[in-house]
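Reading through the structure tokens given below for one structure.
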Amino acid sequence: MSAVGMKCESCGGHSRVYSTRTSAIPNGIYRRRECSLCRHRWTTVEVSADTLKYIMSVQKSVCIPDLDMPQE
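The sequence shown runs contiguously to residue 1053 in our numbering.
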């Protein structure tokens, strides 16, 4: 099985991982990525399916304000 790299969110080019570290989220990994074409950088967070289910259940029970909505 071959690994499929992420595409750049800015230009669609191929990316590479240049930094990996564990996260505060249980079983989570932060990866810093860089596009080989435009040099755009971004962070991804990888978690296990069980951890994601837990996060989603907690999020539903807690009111999290939408930061994109204008505050009145």
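Virtual Cβ for every residue (Gly too), placed ideally from N, Cα, C.
Given a cut-off of 7 Å, decide if residue j and residue i are closer than it, judged by their beta-carbon atoms.
| i | j | result |
| --- | --- | --- |
| GLU990 | ILE1010 | no |
| ARG1012 | TRP1023 | no |
| ASN1008 | SER1029 | yes |
Compute the beta-carbon to beta-carbon distance between residue i and residue j, rounded to the nearest angstrom, for a pair I have assumed lies under 8 Å.
| i | j | result |
| --- | --- | --- |
| CYS1019 | SER996 | Their Cβ separation, rounded to whole angstroms, is 10 Å, which puts CYS1019 and SER996 out of contact at 8 Å. |
| ILE1006 | THR1032 | 6 Å |
Report the three-state DSSP secondary structure of residue i (helix, strand or coil).
| i | result |
| --- | --- |
| SER1038 | helix |
| SER983 | Here the model assigns SER983 a pLDDT of 43, short of 50, so the residue's position is not dependable, and the following value carries that caveat. Three-state DSSP puts SER983 in coil, outside helix and strand. |
Just curious, the beta strand (DSSP E) that residue i is in, first and last residue?
| i | result |
| --- | --- |
| VAL1026 | 1022 to 1027 |
| GLU1015 | 1010 to 1016 |
| SER996 | 996 to 1003 |
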